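Inspection log for the structure reproduced underneath, given as C-alpha cells.
Number of protein chains: 2
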Amino acid sequence: MAEPLRIALAGLGTVGVGVIRLVETNRDMIAARAGRPIEIVAVTARERGRDRGVDLSSYAWVDDMQAMAGRADVDVVVELVGGSDGPALTLARSALDAGKGLVTANKAMVAHHGLELAEIAAMRNAPFAFEAAVAGGIPVLKGLREGTAANALDRIYGILNGTCNYVLSEMEQTGADFEEMLRAAQEKGYAEADPAFDIEGVDAAHKLAILAAIGFGTRIDFDAVRTEGITQVRASDIAQADALGYVIRLVGIASLAGEGEERRLLQRVRPCLVPFRHPLAAVTGPTNAVVAEGDFSGRLLFQGAGAGDKPTASAVVADLIDIARGQSGAPFSVPTTSLVPCEPADPGDRIGRDYIRFTVADRPGVLAEITAAMRDAGVSIESLIQRGRNAEGGDVQVAMVTHEGPERCVTKALELLDGSPSLTAPPLVMPILKD
Amino acid sequence: MAEPLRIALAGLGTVGVGVIRLVETNRDMIAARAGRPIEIVAVTARERGRDRGVDLSSYAWVDDMQAMAGRADVDVVVELVGGSDGPALTLARSALDAGKGLVTANKAMVAHHGLELAEIAAMRNAPFAFEAAVAGGIPVLKGLREGTAANALDRIYGILNGTCNYVLSEMEQTGADFEEMLRAAQEKGYAEADPAFDIEGVDAAHKLAILAAIGFGTRIDFDAVRTEGITQVRASDIAQADALGYVIRLVGIASLAGEGEERRLLQRVRPCLVPFRHPLAAVTGPTNAVVAEGDFSGRLLFQGAGAGDKPTASAVVADLIDIARGQSGAPFSVPTTSLVPCEPADPGDRIGRDYIRFTVADRPGVLAEITAAMRDAGVSIESLIQRGRNAEGGDVQVAMVTHEGPERCVTKALELLDGSPSLTAPPLVMPILKD
Chain L
65 MAEPLRIALA
75 GLGTVGVGVI
85 RLVETNRDMI
95 AARAGRPIEI
105 VAVTARERGR
115 DRGVDLSSYA
125 WVDDMQAMAG
135 RADVDVVVEL
145 VGGSDGPALT
155 LARSALDAGK
165 GLVTANKAMV
175 AHHGLELAEI
185 AAMRNAPFAF
195 EAAVAGGIPV
205 LKGLREGTAA
215 NALDRIYGIL
225 NGTCNYVLSE
235 MEQTGADFEE
245 MLRAAQEKGY
255 AEADPAFDIE
265 GVDAAHKLAI
275 LAAIGFGTRI
285 DFDAVRTEGI
295 TQVRASDIAQ
305 ADALGYVIRL
315 VGIASLAGEG
325 EERRLLQRVR
335 PCLVPFRHPL
345 AAVTGPTNAV
355 VAEGDFSGRL
365 LFQGAGAGDK
375 PTASAVVADL
385 IDIARGQSGA
395 PFSVPTTSLV
405 PCEPADPGDR
415 IGRDYIRFTV
425 ADRPGVLAEI
435 TAAMRDAGVS
445 IESLIQRGRN
455 AEGGDVQVAM
465 VTHEGPERCV
475 TKALELLDGS
485 PSLTAPPLVM
495 PILKD
Chain B
65 MAEPLRIALA
75 GLGTVGVGVI
85 RLVETNRDMI
95 AARAGRPIEI
105 VAVTARERGR
115 DRGVDLSSYA
125 WVDDMQAMAG
135 RADVDVVVEL
145 VGGSDGPALT
155 LARSALDAGK
165 GLVTANKAMV
175 AHHGLELAEI
185 AAMRNAPFAF
195 EAAVAGGIPV
205 LKGLREGTAA
215 NALDRIYGIL
225 NGTCNYVLSE
235 MEQTGADFEE
245 MLRAAQEKGY
255 AEADPAFDIE
265 GVDAAHKLAI
275 LAAIGFGTRI
285 DFDAVRTEGI
295 TQVRASDIAQ
305 ADALGYVIRL
315 VGIASLAGEG
325 EERRLLQRVR
335 PCLVPFRHPL
345 AAVTGPTNAV
355 VAEGDFSGRL
365 LFQGAGAGDK
375 PTASAVVADL
385 IDIARGQSGA
395 PFSVPTTSLV
405 PCEPADPGDR
415 IGRDYIRFTV
425 ADRPGVLAEI
435 TAAMRDAGVS
445 IESLIQRGRN
455 AEGGDVQVAM
465 VTHEGPERCV
475 TKALELLDGS
485 PSLTAPPLVM
495 PILKD
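Chains as they are written, first to last, in our numbering: chain L, 65 to 499; chain B, 65 to 499.
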C-alpha cells in the first residue's frame, strides 16, 4: 500500500474529537477506499490537559498551533479551531503557503476569506477543501462542484441552519412561541447559550455565500447576503401559514438573473412560507437540506444532518479521502481566476408572492388604511385574514397574502404605512417559496 | 486551454440526443469546469437517416458501432445503446480493452457485467463510470463512492423506479386501481408500452445491486436481489395504509448483517409501507430518492429526477467532466480485487413489522382460522381490520399489522394457511419501513 496521508489536527472540540474517532473506527475501510492509510500525526488545542474521551497519546502534541504548518511530517492540516479570522486564518494561510493541504469546517472563514485561501492553494498547488463547512455531513459541495457540474443552475436554496429549523418545526408541533422553543433547543443542545449567530441567520448566510460561489461560479460575496433571522416569527404566523397550506422555514436562497454584464446575484436568508408538498416542508428538527435546480438535472435535493460531531467528521474525512486519492479539484469548481464578480441584484426586482403580517390597533378604518396603501403601491391582495384580539391586549393581527408581483411594490406599501399610528408593531414580510 | 476530451457517442435515443444538446448548450461552462473542452467527435446508431431534432453534421458518422472502440481520435466511448448483453456489452468490452474510457447509463449491463468491465478498466488504467445508470440525474453513486467514503453504511434504500412511484402516488391521489393508473402513466410517457421491466421491479433491482456493491464494498450480485413488483397492490391497500399512517412505495433495500465471514447481504425490492413522516413518503410522481445510513454521517437523502433525457444526460456529462479533470476513481469505490463476495442473507432473519392483506370468503370462522395460524407460527398481531364486502362480490379484505418479529414467522403462518378454502386470493405481505 502507498504512503499514508499524514494529518495535523488543530482544534479538539467535539468535531475534532469526532474526526479522531472516525479515523480510528473506520481505519481499514478508509485506507481501502482512499488507496492509502490516513494517519493523524499531530494535534493541537488551547488546553492540553482536558479529558476529551479519546486517547491522544499516539499523536504528537503541538503547543504552538501555528507550528503545525511547518512540520515536515504533515501533508494536510485540518483546521477545526473556528472563527473567521485570528488563529484559524493565520494557520490556514501558513499551511497553504507551506504547500500543505488544508481541510476545514470553518464556514465563517471560508465565507470571508475563501477566495484568498483558494488563490494561495492554487499558487502552491495545494489541496483546499471545506465540505464540512456547509450542511454538516451532507456531501452537497461535492454534489454542486461535481455532480451538477454539467448544469447551469438557476437557483440554489435550502435549510441551512439546524437550530432555526429545530425551533421552527417545534413551534409548529407544539404551538409554542419562539422564546419558549429557543429555550427548549438550548436545553437539548441544539442551540448555543448565545444563539444570535444562528437565529439571526448569520450562520446560514455564511453557508449560502459558499453555495452560491460554487454553484454559480461567482466570486464569493458574503457581504451581499441579505439576512433576516427567525426572531420575529410568532406562533400565530405558523398557525396562519398552516391554515393557508404552508410551513415556515428559514431558507437561504441564491438566484441569478440577467445575462453577461447584466447578470445579478440575489442572496438572501429569510423565513419563508413553504408549500406543504414542497420537499423542504418535510424537513423537520435539526436537519439541513439543499435544493439545486439545474437546466438539465432538474431539481435535486440533498438532505441530512446539518451539524453534530459525527456528521461533520464524516465530511472532513471525505475531503481527506479525496486528497489521498489525488482527486481534489478547484475548491470553487473552477480556478479562482475564472470566478466572475457579480453585482448584487436589487431585491425589489424579485417577482413573487408574499405573506405580510400586520399588528394593528383594534379600531375601525385600519383595514381600509392598509388596503389603500396596498392599492396605491400596486400590490394585489390574494387573501386577507383578520384574527381576533390576542393575549397581549387590544392588538389585532392581520395576515395578508399577495398575488404575484414585484417585491418593490410591497416595500413601497410598507413605506406608505410607516409611522401610521394604526400599526402597533413593525410588519413582518415573508416570501412564499415557489413550488 | 488543455487538449479536448474527445467523445464517441453510441446510441442516439432520447438520452443520446440529450447528451448532444447538453454538450452544445453548456459548452463553455463545461470547458471551464472540466479544465478542457469536451468534444463529441463521432456518433453511431442503428438508423442513420432518422430526424432526431439535432444537427449531427459536425460529428463523424460511424456505421459499424464496434468500430468506435478502435478510433484513434476518441478518448471516451459513451454507450447509450442499452441491453445487458449484445452490442452494448461488446462495445463496452472493446472500448475498455483499447484503453478508452467508458461512460454508460446502462444499468442492466452494469448489474450483470459491471465487475468484469471494472476489471478490464483497472487492467488498462481506463476510466469507467456509470452515474447515469442509477437514479438518473441524482449524483448518488458519487455521493456513496466519495461523499460517504469515510462511513460504514448500515442500510441503503430508496425509490429507484419512477414508473412505479408515479403509479403508486397517483393511485394514492386518485383512489384509482393499479391497471387504470398504469394506463395513465403510459399515456403520459412515464411507462413503456411493455411495462413489465419497471412494474415487476427488475429495473429497480438493477439499480439496487449497483448501489449495494458501491456502498458496502461487496461484489455486485444482481441474482441475489429478491424482487417483487407493484402489480398486486390494490387501491384498498393504499386506503388501508393511509388510515394507519403510511403510504405505499416500491422500495429497494440493501442491508448488511453479521461480521467477517458471517456477513450477509440482504437485497430486496418490494412495495413497502412508509410512515408519513419518513422523507420517502414525500417522494411523489416519477421522482427517485436514495437514503444511505452511515455510522458517522447519519441518514443522508439524495432526491431528484430518476429518468428522462435531460437528467440522465446531466449524469453522463458529469462523469465526462470527472474524466476530463482526471478525477475518476475506482468505479466501485475500491479496486475490484478488494470487493468482498458476500452471501445473501436469509430473509427469514429479518426482524420487522409487516402489513398482511388477506382476501377471504365472507363466512364465519375465517378470522379465527387466520389468527390461529398467526398464533401457531408465533406472529404477534398489532391490529387487524376487516373491511366490508368489496365490489367484486362476496370477498372480504382483512388487513393486519404485526408487531415486530422475525419474518420467518410470517412466512410460516402463510404456509399454514396455504390451500385453505377460506383464502380466495393469495395474501400480500408488505414490510413497514423502519423510521
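Built from N, CA and C at the ideal position, the CB exists for glycine as well. This structure is a prediction, so every number in the text was calculated from the model and none was measured.
Query raised in the report: So, helix, strand or coil for E67 (chain B), using DSSP?
Result: Locating residue 67 (chain B) in the second sequence gives position 3, counting from the first residue. Looking at E67 (chain B) - three-state DSSP - the assignment turns out to be coil, as it is neither helix nor strand.
Query - Residue from L:S484, L:D359, L:A305, L:R328 whose Cα sits closest to the Cα of I449 (chain L) - result: On the first sequence, residue 449 (chain L) is found 385 positions in, with the first residue counted as 1. Ranking the options by Cα distance to I449 (chain L), first place goes to L:A305.
**Report entry** K252 (chain L), buried or exposed, once every other Cβ within 10 Å from all chains shown has been counted against 16
**Finding:** Position 188 of the first sequence, counted from the start, is the residue given in the question as residue 252 (chain L). Exposed, because fewer than 16 other Cβ atoms sit within 10 Å of the Cβ of K252 (chain L).
Query raised in the report: Any Cβ of chain L within less than 9 Å of the Cβ of A182 (chain B)?
Result: Counting from 1 along the second sequence, the entry for residue 182 (chain B) is found at position 118. Chain L contact via Cβ: absent.
Query - Contact list for D386 (chain L) against chain B, beta-carbon separation under 7 Å - result: As a first step, residue 386 (chain L) is located in the first sequence; it is residue number 322 there, counting from the start. Under the 7 Å cutoff, chain B gives E210.
Query raised in the report: Of the residues B:R116, B:R100, B:V141, B:P470, which one's Cα is nearest the Cα of G82 (chain B)?
Result: Position 18 of the second sequence, counted from the start, is the residue given in the question as residue 82 (chain B). The shortest Cα separation from G82 (chain B) among B:R116, B:R100, B:V141, B:P470 belongs to B:R116.
**Report entry** Coarse secondary structure for G228 (chain B), derived from DSSP in three states
**Finding:** If you number the second sequence from 1, residue 228 (chain B) lands on position 164. Strictly speaking, residue 228 (chain B) in this sequence is Cys, with Gly absent from that position. C228 (chain B): helix per DSSP, three-state reduction.
**Report entry** Proximal residues to L155 (chain B) (C-beta, below 8 Å), its chain only, five neighbours per side dropped
**Finding:** As a first step, residue 155 (chain B) must be located in the second sequence, where it is residue number 91. Contacts found: A74, M129, Q130, M132, A133, V141, E143, V145.
Report task. Could you work out which residues of chain L lie near A409 (chain B), taking near to mean beta carbons separated by less than 9 Å? Result -> Along the second sequence, one-based indexing puts residue 409 (chain B) at 345. Here the premise fails: no neighbours, minimum Cβ distance about 20 Å.
Query raised in the report: For A501 (chain L), which beta-bridge partners are listed by DSSP?
Result: The first residue shown for chain L is 65 and the last is 499, placing residue 501 (chain L) beyond what the model contains.
Query raised in the report: Using DSSP with H/G/I as helix, E/B as strand and the rest coil, what is G134 (chain B)?
Result: Working through the second sequence from its first residue, we reach residue 134 (chain B) at position 70. Of the three classes helix, strand and coil, the one that applies to G134 (chain B) here is helix, per DSSP.
**Report entry** N189 (chain L) classed as buried or exposed, judged by whether at least 16 other C-beta atoms fall within 10 angstroms
**Finding:** Looking up residue 189 (chain L) in the first sequence gives position 125. By the 10 Å Cβ count, N189 (chain L) comes out exposed.
Query raised in the report: Got a sec? Which residues, its chain only, sit under 6 Å from E264 (chain B) by beta carbon, not counting five neighbours each side?
Result: Within the second sequence, numbered from 1, the residue matching residue 264 (chain B) stands at position 200. Excluding residues within five positions, the ones whose Cβ falls inside 6 Å are G293.
Requested in this report: Answer with yes or no whether the minimum CB distance from A321 (chain B) to chain L is below 9 Å.
Outcome: Within the second sequence, the letter at position 257 stands for residue 321 (chain B). With 9 Å as the cut-off, A321 (chain B) does not count as an interface residue toward chain L.
Query raised in the report: So which residues of chain B does M93 (chain L) contact, with C-beta pairs closer than 7 Å?
Result: For the purposes of this step, residue 93 (chain L) is taken as residue 29 along the first sequence, with counting starting at 1. Within 7 Å Cβ-Cβ: A216.
Query raised in the report: Under the rule that 16 or more other beta-carbon atoms within 10 Å means buried, what is S233 (chain L), buried or exposed?
Result: Looking up residue 233 (chain L) in the first sequence gives position 169. The residue is buried, with at least 16 neighbouring Cβ atoms inside 10 Å.
Query raised in the report: Do A216 (chain B) and T400 (chain B) have their C-beta atoms within less than 9 Å of each other?
Result: For this step, residue 216 (chain B) is matched to residue 152 along the second sequence. For this step, residue 400 (chain B) is matched to residue 336 along the second sequence. Not a contact, by the Cβ cut-off of 9 Å.
Query raised in the report: Taking 9 Å as the CB-CB limit, is T295 (chain B) close to chain L?
Result: Against the second sequence, residue 295 (chain B) aligns to sequence position 231. Not one chain L Cβ lies under 9 Å of T295 (chain B).
Query - Residues that A512 (chain B) contacts on chain L, provided the C-beta gap is smaller than 7 Å - result: What is shown of chain B runs 65 to 499, which leaves residue 512 (chain B) out entirely.
Query raised in the report: Which same chain residues, not among the five before or five after L337 (chain B), have their C-beta less than 8 Å away from its C-beta?
Result: Taking the second sequence and counting its residues from 1, the one referred to as residue 337 (chain B) is at position 273. These residues qualify, in order along the chain: A305, L308, Y310, V311, I312, Y419, M494, P495, I496, L497.
Query raised in the report: Between P203 (chain B) and chain L, is there a C-beta pair that is closer than 9 Å?
Result: Working through the second sequence from its first residue, we reach residue 203 (chain B) at position 139. Yes, its Cβ sits closer than 9 Å to a Cβ of chain L.
**Report entry** Counted within 10 angstroms of its Cβ, other Cβ atoms place D267 (chain B) as buried (16 or more) or exposed
**Finding:** Here the question's residue 267 (chain B) lines up with position 203 in the second sequence. Answer is buried; the Cβ neighbour count reaches 16.
Query raised in the report: Is E357 (chain L) buried or exposed, if buried means 16 or more other CB atoms sit within 10 Å of its CB?
Result: Numbered from its first residue, the first sequence carries residue 357 (chain L) at position 293. E357 (chain L) is buried by the Cβ-count criterion.
Query raised in the report: Is there at least one Cβ from chain B nearer than 9 Å to F366 (chain L)'s Cβ?
Result: Here the question's residue 366 (chain L) lines up with position 302 in the first sequence. Output row for F366 (chain L): interface = yes.
Query raised in the report: Does the beta carbon of S233 (chain L) sit closer than 9 Å to a beta carbon anywhere in chain B?
Result: Numbered from its first residue, the first sequence carries residue 233 (chain L) at position 169. Taking Cβ atoms only, chain B never reaches closer than 9 Å to S233 (chain L), which makes this a no.
Query raised in the report: Apart from the five residues just before and just after I84 (chain L), which ones in its own chain have a Cβ nearer than 6 Å to its Cβ?
Result: As a first step, residue 84 (chain L) must be located in the first sequence, where it is residue number 20. These residues qualify, in order along the chain: V118.
Query raised in the report: If you drop the 5 nearest sequence neighbours on each side, which residues of the same chain put their C-beta closer than 6 Å to that of T291 (chain B)?
Result: Working through the second sequence from its first residue, we reach residue 291 (chain B) at position 227. Counting only Cβ-Cβ distances below 6 Å, and skipping sequence neighbours, we find G265, A269, V333.
Report task. Using a Cβ cut-off of 9 Å (strictly closer), state whether G150 (chain B) contacts chain L. Result -> In the second sequence, the residue the question calls residue 150 (chain B) occupies position 86. Closer than 9 Å: no.
Query raised in the report: CB-CB under 7 Å to S484 (chain L), same chain, minus the five flanking residues each way: which ones, in chain order?
Result: Reading the first sequence from its first residue, position 420 is the one you call residue 484 (chain L). E433.
**Report entry** Span separating the alpha-carbon of A197 (chain L) from that of K271 (chain L)
**Finding:** The sequence position of residue 197 (chain L) within the first sequence is 133, counting from 1. The sequence position of residue 271 (chain L) within the first sequence is 207, counting from 1. Answer to the nearest angstrom: the Cα atoms are 7 Å apart.
Requested in this report: Mind checking which residues open and close the beta strand (DSSP E) that includes D459 (chain B)?
Outcome: To locate residue 459 (chain B), count along the second sequence from 1; it is residue 395. That run of the beta strand (DSSP E) goes 459-466.
Query raised in the report: Cβ atoms of R421 (chain B) and L492 (chain B): under 9 Å apart, would you say?
Result: Sequence index remark: in the second sequence, residue 492 (chain B) carries index 428 (1-based). Sequence index remark: in the second sequence, residue 421 (chain B) carries index 357 (1-based). Against a cut-off of 9 Å, the Cβ pair of R421 (chain B) and L492 (chain B) comes out as a contact.
Query raised in the report: Does P375 (chain L) come within less than 9 Å of chain B when only Cβ atoms are used?
Result: By 1-based counting over the first sequence, the position of residue 375 (chain L) is 311. Yes - at least one Cβ of chain B is within 9 Å of the one on P375 (chain L).
Query raised in the report: Going by alpha carbons, who is nearest to F194 (chain B) out of B:A288, B:I274, B:R110?
Result: Against the second sequence, residue 194 (chain B) aligns to sequence position 130. Nearest option by C-alpha distance: B:I274.
**Report entry** Inter-residue CB distance, R283 (chain L) and L179 (chain L) (contact presumed, cutoff 8 Å)
**Finding:** For this step, residue 283 (chain L) is matched to residue 219 along the first sequence. For this step, residue 179 (chain L) is matched to residue 115 along the first sequence. Contact holds; Cβ gap of about 6 Å.
Report task. Quickly, what does DSSP pair N352 (chain B) with across the bridge? List them, please. Result -> By one-based count along the second sequence, residue 352 (chain B) stands at place 288. B:G368, per the DSSP bridge assignment.
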